[in-house]
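Colleague: Protein chains in written order, with UniProt numbering: chain A, 1 to 474; chain B, 1 to 224. Heads up, the beta-carbon is just placed ideally off N, CA and C, and yes, glycines get one too.
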Amino acid sequence: MPQLFSTRKISSPPLPATLQLIPEQAPHKWIAGKLLTRREIPLLEEELTALVTGGQVQKVLSIEQQRSGYVCRRCGNNKNYLFAAMPHLACQKECVYCRNCIMMGRVLECEPLYLGSPHYPWPAIAEPCAWEGELTDGQTKAADEIVATISKGDSELLVYAVCGAGKTEMLFPGIATALKYGQRVCIATPRTDVVRELAPRLKQAFPLVSIQALYGDSDDKLGDAQLLLSTTHQLYRFAYAFDVMIIDEIDAFPYHNDTSLQFASKRAAKRDAAFVYLTATPRAKEKKRIKRKQLPAVFIAKRFHGYPLPVPRLKLSPFLRKKLVNRSLPKFILQLIRSHQLGGRQLLLFTSTIEYAHLVTEILKPMYPEITSVHAEDPDREEKVRAFRNQAYRILVTTTILERGVTFPSVDVYVLDAGHVVFDEAALVQIAGRAGRSHEDPTGDVFFFHIGKTNAMLDAQEAIIKMNRLGQQS
Amino acid sequence: MRCLICVEEIVPKVGWGQFLLPQKKINLCEVCSARLARIDLAGCPKCGRVDAEGVCYDCVRWEHSVQYAGCLEKNVSVYMYNEFAREVVARWKYRGDFILIEAFAGALQTTYHQHFRDVGADVVAIPLSEQRFRERGFNQSDAIIAQLGFDAVDFFKRKDSEKQSKRGRRERMGADNPFVLVGEPRKPVLLVDDIYTTGMTVRHLASLLKMNGCPVVYSLTLFR
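1) Alpha carbon to alpha carbon, how far is B/LEU220 from B/PRO188? Give it in angstroms, no decimals.
2) Kindly indicate which residue of A/THR37, A/PHE299, A/PHE408, A/SER117 has the alpha-carbon position closest to the one of A/GLU145.
3) Is the beta carbon of A/ARG191 closer than 7 Å to that of A/ALA252?
4) Closer than 7 Å, CB to CB, is A/ARG404 near chain C or not?
5) Is A/MET245 helix, strand or coil by DSSP?
6) Along the alpha helix (DSSP H) that carries A/LEU428, what are the first and last residues, could you check?
7) Measure from the alpha carbon of A/ARG437 to the alpha carbon of each residue in A/CYS186, A/ALA264, A/ALA269, A/GLY164, then state which is nearest.
8) Looking at the strands, I want to know which residues DSSP matches up with A/TYR414.
9) Quick check: the segment 198-209 of chain A against the segment 224-239 of chain A, are there 3 or more CB pairs under 8 Å?
10) Alpha carbon to alpha carbon, how far is B/ALA152 from A/THR400? Give it in angstroms, no decimals.
11) Going by CA-CA distance only, name the one from A/ARG394, A/PHE172, A/ALA178 that's closest to A/LYS203.
12) Cβ of A/ILE371 within 7 Å of Cβ of A/ILE354?
13) With distance defined between alpha-carbon atoms, name the residue in B/ASP176, B/TRP16, B/ASN177, B/PHE156 nearest to B/VAL192.
14) Using a Cβ-Cβ distance under 7 Å, would A/TYR215 count as near chain B?
15) Along chain B, in chain order, which residues have C-beta atoms closer than 8 Å to that of A/ILE102?
16) Quick one: measure Cβ to Cβ for B/CYS47 and B/GLY199, integer angstroms, because I've assumed they're closer than 8 Å.
17) Verify the CB distance criterion: does B/PHE138 have a CB-CB separation below 7 Å to chain A?
18) Could you give the DSSP three-state label for A/ARG469: helix, strand or coil?
19) If the cut is a Cβ gap below 9 Å, which residues of chain B does A/TYR81 touch?
20) Which word fits A/SER373, buried or exposed, when buried means at least 16 other C-beta atoms lie within 10 angstroms of its C-beta?
21) Between the segment 89-102 of chain B and the segment 89-103 of chain A, are three or more C-beta pairs nearer than 8 Å?
22) Using a Cβ-Cβ distance cut-off of 7 Å, determine whether A/ALA84 contacts chain B.
23) Would B/VAL123 and B/PHE150 be called neighbours here (beta carbons separated by less than 7 Å)?
24) What are the partner residues of A/TYR277, as DSSP defines its beta bridges?
25) Check for me: the alpha helix (DSSP H) holding A/ALA398 runs from which residue to which?
26) Mind listing the chain B neighbours of A/ALA90? Cutoff is C-beta to C-beta under 8 Å, in chain order.
27) Where does B/ASN177 fall in DSSP's three states?
28) Can you give the Cα-Cα distance for A/LEU51 and A/ILE464, rounded to whole angstroms?
29) Could you compute how far the alpha carbon of B/ALA143 sits from the alpha carbon of A/THR407?
30) Please state whether the Cβ-Cβ distance between A/GLN56 and A/ILE22 is less than 7 Å.
31) In chain order, what residues of the same chain lie with their CB nearer than 7 Å to the CB of A/ALA456, ignoring the 5 residues before and after it?
32) Which residue comes first and which comes last in the beta strand (DSSP E) that contains A/SER230?
33) Please go through the same chain and pick out, in chain order, the residues whose beta-carbon is closer than 8 Å to the beta-carbon of A/PHE83, but skip the five residues on each side of it.
34) Starting from B/CYS32, trace the alpha helix (DSSP H) in both directions and tell me its first and last residue.
35) Over what stretch of residues does the beta strand (DSSP E) that includes B/VAL192 continue unbroken?
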């Protein structure tokens, strides 16, 4: 069985040369560009064998033993503590499996992976984009760079745009360019909520294009669209599939510190693919690469509506934690919420933990019945966010899951216990960026309630002020 | 050392105890081991249910049924089946992260020694259907028995393959016994399984054993 590629360094690996073109009308065209386990392939044994013999699918080694230890061919994991063995009765021996990507289904060393040929004639669509809005100067600048990167191929571009700059819209010309060439495009993001939020907007902008959204419990399971929206986790199931890979929220957890997700997103793209990264808060790693001119970047300091970003105000609230333990909130925060609720705006209230989110909701519920809380494990998460957007709630108490990628037209943002470790600089900048996102209501109040200023708060505040200054100059 | 569940590095505590006593192998971090709730005082002496005073209602009902009265001496469980346990079991059993069984080993052995060391029972596994076994690659009850250091005694075969957890309590109670006895039990038997939910599975097996001359049947499950 052939090895898929070398892992010495995580880079775009060569594609096995023997793979054949999958005909346009083929019933199994969904296998194009996929890397799947046997269980994930709904074909009979003889059908699959026929594909392998025909050169449209290739069997590859799933777990490879190198001198330094094991390497998982699906997720790139090479940490020895993330491998384990189990007595496998089918092969009468201890079989090694990868623990890192087990959430996507277990891969045992005795089971091969199946690599579907990425060669498939995607249609070249002459006029794919139906969006009729206009881009601002800043957006146009970024859009032009994106188009250039995509036309060139085999290159990278970081789009560093402030929260509310209109990142999605500035992607449209680039995506349209790729589709005109008959290319396959993936927009990946670490956050499920972002995938859900983007899907309807893209379907509206590209009505003639096959579009699917892939995430943990999405309905589109096949993943055979020309334009795919996906969480970065789902990319474990793709290899060499995309001509254009756009990674939104590149600095977000868990992508930014998970080498295996970065590996998967690289492997999912063709060797000569164009990579476009989007972020409002690049990490030190990216900043360093920009500075050394290793990573081309474009910077947009202005929001699409031209108004500055709301600058967060820091409010000392020394008894906050104590009050919460006694199931109450400090008086001045309650007063602030009361005066806020007299106006027409909605309120996003961020808490550091799920427990606090529940607690704060309980405290406020008697006074403000139109309140709910949401967190990552909440089964009604999607529904509640949608309901809040439709103004069914006045207050939404949330953990950091809503720190980025979501747009509510008219909200103020309060952060309780902003000194907590989960609120790092990037998180706070993103959270502040939820306010004042619409043309009609471009301002908003952002309060960080804390029991002592942290560097993260000060850095976030400073970063926002700096971007506003740059935005004014441009 | 890394925690088996969350894979975070475990920082060992340093004290005179660590210095002077032989070291136990630690494979769980403090956070994860605190989230797995041990059952130290069972409320119901029959089934190990925690939130009961005396024999619980379910067990009373079992003892009134003609078929299953008196077939199971008692069930003992190691942990409460809380939200966290549910997640870990899902990863272990359904995702197939086999090695997680080692996270339960210490507590499992302790519980076994407290309750069953002196009963002289054959340790018997719950058979899986052929199809389920192929999918999963291992039998969870065999895996637990291996952690106790025994060889499982095979007394049973399974007839059909429908998943128990897909049925409600009533359906489970009314269902035909899916197992067939293939051996001749002469000694006490200890049935080992991962989860005691309604107690139907162990009672199916226990009733077969009792009918065929087994003196007494116990069960040991990881979760309750």
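Modeller: The short version:
1) Using only the alpha carbons, I get a separation of about 13 Å.
2) Nearest neighbour of A/GLU145 by Cα position, chosen from A/THR37, A/PHE299, A/PHE408, A/SER117, turns out to be A/PHE299.
3) In this structure, A/ARG191 lies closer than 7 Å to A/ALA252 by Cβ.
4) Among the chains of the structure shown, chain C does not appear; the protein chains present are A and B.
5) Here A/MET245 carries a strand assignment [DSSP, helix/strand/coil].
6) Run containing A/LEU428: 425-432, per the alpha helix (DSSP H) assignment.
7) Cα-wise, what sits closest to A/ARG437 is A/GLY164.
8) Residue pairing of A/TYR414 in beta bridges, as defined by DSSP: A/LEU349, A/PHE447.
9) Because the criterion of three Cβ pairs below 8 Å is met, the segment 198-209 of chain A and the segment 224-239 of chain A touch.
10) Rounded to the nearest angstrom, the two C-alpha atoms are 48 Å apart.
11) Of the listed residues, the one whose Cα sits closest to A/LYS203 is A/PHE172.
12) Cβ atoms of A/ILE371 and A/ILE354: not closer than 7 Å.
13) Checking every option, the nearest Cα to that of B/VAL192 belongs to B/PHE156.
14) Not closer than 7 Å to any Cβ of chain B, the Cβ of A/TYR215 fails to qualify, so no.
15) Result: ARG91, ARG95, GLY96, ASP97.
16) The beta-carbon distance between B/CYS47 and B/GLY199, rounded to whole angstroms, is 6 Å. This is short enough to meet the 8 Å contact definition.
17) At a cut-off of 7 Å between beta carbons, B/PHE138 contacts chain A.
18) In this structure, A/ARG469 counts as helix in the three-state DSSP scheme.
19) Within chain B, the residues near A/TYR81 are ARG2, VAL7.
20) So A/SER373 counts as buried.
21) Pairwise C-beta distances place the segment 89-102 of chain B in contact with the segment 89-103 of chain A, as three or more of them are shorter than 8 Å.
22) Interface residue, yes.
23) Yes; because the gap between Cβ atoms is below 7 Å, this pair is in contact.
24) Looking at the DSSP output, A/TYR277 shares a beta bridge with A/LEU158, A/ILE247.
25) Residue identity check: residue 398 of chain A is Thr in the sequence provided, not Ala. Note, A/THR398: premise wrong, no alpha helix (DSSP H); beta strand (DSSP E) at 395-398.
26) The answer, in chain order, is ARG134, GLY137.
27) It is coil, neither helix nor strand.
28) When rounded, the separation of the alpha-carbon atoms in A/LEU51 and A/ILE464 is 55 Å.
29) Between B/ALA143 and A/THR407, the C-alpha separation is close to 49 Å.
30) Pairing A/GLN56 with A/ILE22 gives a Cβ-Cβ distance under 7 Å.
31) Only PHE423, ASP424, GLU425, LEU428 meet the Cβ criterion.
32) For A/SER230, the enclosing beta strand (DSSP E) stretches over residues 227-231.
33) Only ILE63, GLY69, TYR70, CYS72, ASN77, VAL96, TYR97, CYS98, ARG99 meet the Cβ criterion.
34) For B/CYS32, the enclosing alpha helix (DSSP H) covers residues 30-35.
35) Here the beta strand (DSSP E) through B/VAL192 covers 189-195.
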